[in-house]
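S.K.: Sequences listed follow chains A and B, in order.
So the first sequence is numbered by the working numbering: it starts at 86 and just counts up by one.
So the second sequence is numbered by the working numbering: it starts at 301 and just counts up by one.
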Amino acid sequence: MSDQPAYRLENLAVAVGSRVVLDLPAFEVVHGEVLCLVGPPGSGKSTLLRILAGLDSPNAGVAWLRGQRFDRKAPATLKRTVTLMFQRPLLLTGTVRSNVGYGLRLRGVSDWRAKAMTMLERVHLKHLADRPATAVSGGEAQLVALARALAFGPEVLLLDEPTNNLDPARVALVEEVVLADHQERGTTVVWATHNHFQARRVGDRVALLLEGKVIETAPATEFFECPCDLRTAAFVQGKMVY
Amino acid sequence: MRAFDPDLLPVVALTLRVTVSALVIAAVVGIPAGVWLGLARFPGKRVLTALVYTGMALPPVVVGLLTYMLLSRSGPLAFLEWLFTPNAMILAQTVMALPLVAGLVMGAVASVPHDLVLQVRSLGATPWQVRWTILREVRVAVLFALLVAFGRIVSEVGAAYMVGGNIQGYTRVLSTAVMMETGKGDFGVALALGGWLMVLALTVNLAAMRLQGRLA
């Protein structure tokens, strides 16, 4: 992990109608870190991830990725270095293998089948390669979606509560695969979760969002052991009701 | 004309030629237009959508009248000299099939979850790749749209009669022949010709069902 920012957000605001759903005067994601976004549902985590993915443009302010302005109109080459994995698997019709190889095919990679199989092996689903994607269970589909997101080697991996509907064994597998990829390739990871145990396990730094604002950002140990803000303390101690 | 008259073969052949030509043109223009309309967001989209949906219910006689006016001696397309030719029938049937194909494809594309479109973009798809991927996702609906359009134009009689003229050996198709034989009171031949139309429709639908099985 270097101290160079992967993302820098300045005076960024997103509104839905007259309601401001994201208000970030200054926000940074460090290159090569795992940053966990925690907070209750509706706190702005998904909205922030969509901005970081270049899928939405803010109403005000600017987002920069590695020094280049980043929004819906950003150059395709820059956008192709980032991917977002949604809460739901959102698989395409076709086989499991063709889903995992989708991002590779988009980039014209000729040996996408072999690379897709390597990824499927990582998530322990090699035996499902030829099965229709519609015929796998919800948990398996989520692992296929993770394999698809990692297959083409993104520089930035954005995860929107990817383990919400998974059993503990698969939660552990997702965490293991993401962290292994992060360590091997130095992937910058922004991981939204409302599970603070998970944030503690995987995050280098943790940021608490409430009502679209970042309340506190700190290294994981500091965030959980000596939070500066009372609301962070309430969240960490499980006293925040939502 | 008898139900199994050798003269019937050119009528069936012309019916197929006119219908398939109109369907191909409607597909080539209507499918991309439907995908674009289903995915794009722009001012005036609701108005355009309403126009396409209205076009899906265009009365054949109105299409026939407008095509006639366009192609008649005083019309803006008179120089083509298409009136009372198979080309005029293809034009009229294309006008009827195009909004059906575009509208049904647009509806199918618009029903794809928006998050799936975002996911595809987030995996690195360019705008053309997004459109192609979503088109593949709705391919069964596209086949259905083509079937509906085929059904509408193969059995259409009003516009074909008005701009084709039902000229024996030149612009007579099965539907106009059925109408003519009914007018003459020769119901047996009319029924037999109707049977040929049904056989055509059934053959196309059976082929489509086989294709649907492979696409699904």
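Positions of the beta carbon are idealized from the N, C-alpha and C atoms, including for glycine.
These figures come from a predicted structure and were not determined experimentally.
Along chain A, in chain order, which residues have C-beta atoms closer than 8 Å to that of residue 435 (chain B)?
M.R.: Looking up residue 435 (chain B) in the second sequence gives position 135. Chain A residues near residue 435 (chain B): none, gap ~12 Å exceeds 8 Å.
S.K.: Tell me which residues share the same chain as residue 256 (chain A) and place their Cβ nearer than 6 Å to its Cβ, disregarding the 5 neighbours each side in the sequence.
M.R.: Your numbering for residue 256 (chain A) matches position 171 in the first sequence. The residues are 248.
S.K.: Does the region 105-115 of chain A come close enough to the region 298-306 of chain A that 3 or more CB-CB pairs lie under 8 Å?
M.R.: Yes, the region 298-306 of chain A is in contact with the region 105-115 of chain A.
S.K.: Going by beta-carbon coordinates alone, are residue 419 (chain B) and residue 171 (chain A) separated by less than 8 Å?
M.R.: Counted from its first residue, the second sequence places residue 419 (chain B) at position 119. Counted from its first residue, the first sequence places residue 171 (chain A) at position 86. Yes, Cβ-Cβ distance for residue 419 (chain B) and residue 171 (chain A) is below 8 Å.
S.K.: Using alpha carbons as the reference points, say which of A:305, A:169, A:93, A:207 lies closest to residue 155 (chain A).
M.R.: Taking the first sequence and counting its residues from 1, the one referred to as residue 155 (chain A) is at position 70. Considering only alpha carbons, the answer is A:93.
S.K.: For the region 401-420 of chain B against the region 303-322 of chain B, do three or more pairs of beta-carbon atoms, one drawn from each stretch, fall closer than 8 Å, so that the two count as touching?
M.R.: The region 401-420 of chain B, when compared against the region 303-322 of chain B, does not touch it at the 8 Å Cβ threshold.
S.K.: Within its chain, find whatever has a CB closer than 7 Å to the CB of residue 208 (chain A); leave out the 5 residues flanking it on each side and keep chain order.
M.R.: What you label residue 208 (chain A) is simply residue 123 of the first sequence in a count that begins at 1. Here the set comprises 228, 231, 232, 258, 262.
S.K.: If contact means a Cβ-Cβ distance below 8 Å, which residues of the region 415-436 of chain B contact chain A?
M.R.: For the region 415-436 of chain B, which is checked against every Cβ of chain A, the residues closer than 8 Å are 415, 416, 418, 419, 420, 421, 422, 423, 424, 425, 426, 429, 433, 436.
S.K.: Would you be able to state if there are at least three C-beta pairs under 8 Å between the region 337-349 of chain B and the region 470-480 of chain B?
M.R.: The region 470-480 of chain B vs the region 337-349 of chain B: no contact.
S.K.: Between residue 507 (chain B) and residue 463 (chain B), which are expected to be in contact by the criterion C-beta below 8 Å, what is the C-beta distance as a whole number of angstroms?
M.R.: Against the second sequence, residue 507 (chain B) aligns to sequence position 207. Against the second sequence, residue 463 (chain B) aligns to sequence position 163. Rounded, the Cβ-Cβ distance is 29 Å, inconsistent with contact.
S.K.: Given a threshold of 16 other Cβ atoms within 10 Å of its Cβ, counted over all protein chains shown, does residue 311 (chain A) qualify as buried or as exposed?
M.R.: On the first sequence, residue 311 (chain A) is found 226 positions in, with the first residue counted as 1. When all chains shown are included, residue 311 (chain A) counts as exposed.
S.K.: Would you call the region 444-460 of chain B and the region 322-339 of chain B touching, i.e. three or more CB-CB distances under 8 Å?
M.R.: Short answer: they touch.
S.K.: In this structure, what does DSSP give as the bridge partners for residue 92 (chain A)?
M.R.: In the first sequence, counting from the first residue as 1, residue 92 (chain A) sits at position 7. A:114, A:150, per the DSSP bridge assignment.
S.K.: Report yes or no: is there a C-beta of chain D within less than 8 Å of the C-beta of residue 151 (chain A)?
M.R.: Given the protein chain composition of this structure (A and B), no chain D is represented.
S.K.: Report the partner residues of residue 122 (chain A) according to the DSSP bridge assignment.
M.R.: As a working note, residue 122 (chain A) is residue 37 in the first sequence. A:277, A:292.
S.K.: Where does residue 245 (chain A) sit, in a helix, a strand or coil, going by DSSP?
M.R.: Taking the first residue of the first sequence as position 1, residue 245 (chain A) is located at position 160. Strand at residue 245 (chain A).
S.K.: Using a Cβ cut-off of 8 Å (strictly closer), state whether residue 169 (chain A) contacts chain B.
M.R.: Within the first sequence, numbered from 1, the residue matching residue 169 (chain A) stands at position 84. Yes, because at least one Cβ of chain B sits closer than 8 Å to the Cβ of residue 169 (chain A).
S.K.: Spatial neighbours of residue 139 (chain A) within its chain, please: C-beta separation below 7 Å, excluding the five flanking residues on both sides.
M.R.: The count along the first sequence starts at 1 and reaches residue 139 (chain A) at position 54. Contacts found: 155, 156, 157, 159, 164, 167.
S.K.: Does the distance from the CB of residue 408 (chain B) to the CB of residue 441 (chain B) come in under 8 Å?
M.R.: The residue you call residue 408 (chain B) lines up with position 108 of the second sequence. The residue you call residue 441 (chain B) lines up with position 141 of the second sequence. Result yes, Cβ atoms of residue 408 (chain B) and residue 441 (chain B) sit closer than 8 Å.
S.K.: DSSP beta-bridge partners for residue 298 (chain A)?
M.R.: For the purposes of this step, residue 298 (chain A) is taken as residue 213 along the first sequence, with counting starting at 1. Bridge partners of residue 298 (chain A): A:295.
S.K.: Applying the criterion that 16 or more other CB atoms from any shown protein chain within 10 Å of the CB defines a buried residue, is residue 222 (chain A) buried or exposed?
M.R.: By 1-based counting over the first sequence, the position of residue 222 (chain A) is 137. Residue 222 (chain A) is exposed by the Cβ-count criterion.
S.K.: Note down, in chain order, every chain B residue with its Cβ under 7 Å from the Cβ of residue 129 (chain A).
M.R.: The residue given as residue 129 (chain A) occupies position 44 in the first sequence. Residues of chain B passing the Cβ test: none, with the nearest at roughly 17 Å.
S.K.: Figure out for me which residue from A:120, A:128, A:224 has the closest Cα to the Cα of residue 325 (chain A).
M.R.: For this step, residue 325 (chain A) is matched to residue 240 along the first sequence. The option with the nearest alpha carbon to residue 325 (chain A) is A:128.
S.K.: Closer than 8 Å is the cut-off here; do at least three beta carbon pairs connect the region 383-399 of chain B with the region 200-214 of chain A?
M.R.: In short, these stretches do not touch, since the Cβ pair count stays below three.
S.K.: Any C-beta of chain B within less than 8 Å: which residues of the region 186-211 of chain A qualify?
M.R.: Residues passing the 8 Å Cβ filter: 187, 188, 191, 192.
S.K.: Of the residues that make up the region 120-149 of chain A, which ones have a beta carbon closer than 7 Å to any beta carbon in chain B?
M.R.: Under the 7 Å Cβ criterion, the region 120-149 of chain A contributes 138, 140.
S.K.: Among the candidates B:340, B:371, B:362, B:334, whose CA atom is the shortest distance from the CA of residue 353 (chain B)?
M.R.: As a first step, residue 353 (chain B) is located in the second sequence; it is residue number 53 there, counting from the start. Answer by Cα proximity: B:334.
S.K.: Quick check: is the beta carbon of residue 175 (chain A) nearer than 8 Å to any beta carbon in chain B?
M.R.: Taking the first residue of the first sequence as position 1, residue 175 (chain A) is located at position 90. Chain B, which has a Cβ nearer than 8 Å to the Cβ of residue 175 (chain A), makes this yes.
S.K.: Hey, is residue 178 (chain A)'s beta-carbon within less than 8 Å of any beta-carbon in chain B?
M.R.: To locate residue 178 (chain A), count along the first sequence from 1; it is residue 93. By this cut-off, residue 178 (chain A) is an interface position.
S.K.: Between A:100, A:118, A:150, A:107, which has its C-alpha nearest residue 269 (chain A)'s C-alpha?
M.R.: Along the first sequence, one-based indexing puts residue 269 (chain A) at 184. Nearest option by C-alpha distance: A:118.
S.K.: Once DSSP output is grouped into helix, strand and coil, what is the label at residue 413 (chain B)?
M.R.: For the purposes of this step, residue 413 (chain B) is identified with residue 113 of the second sequence, where counting begins at 1. Three-state result, residue 413 (chain B): coil.
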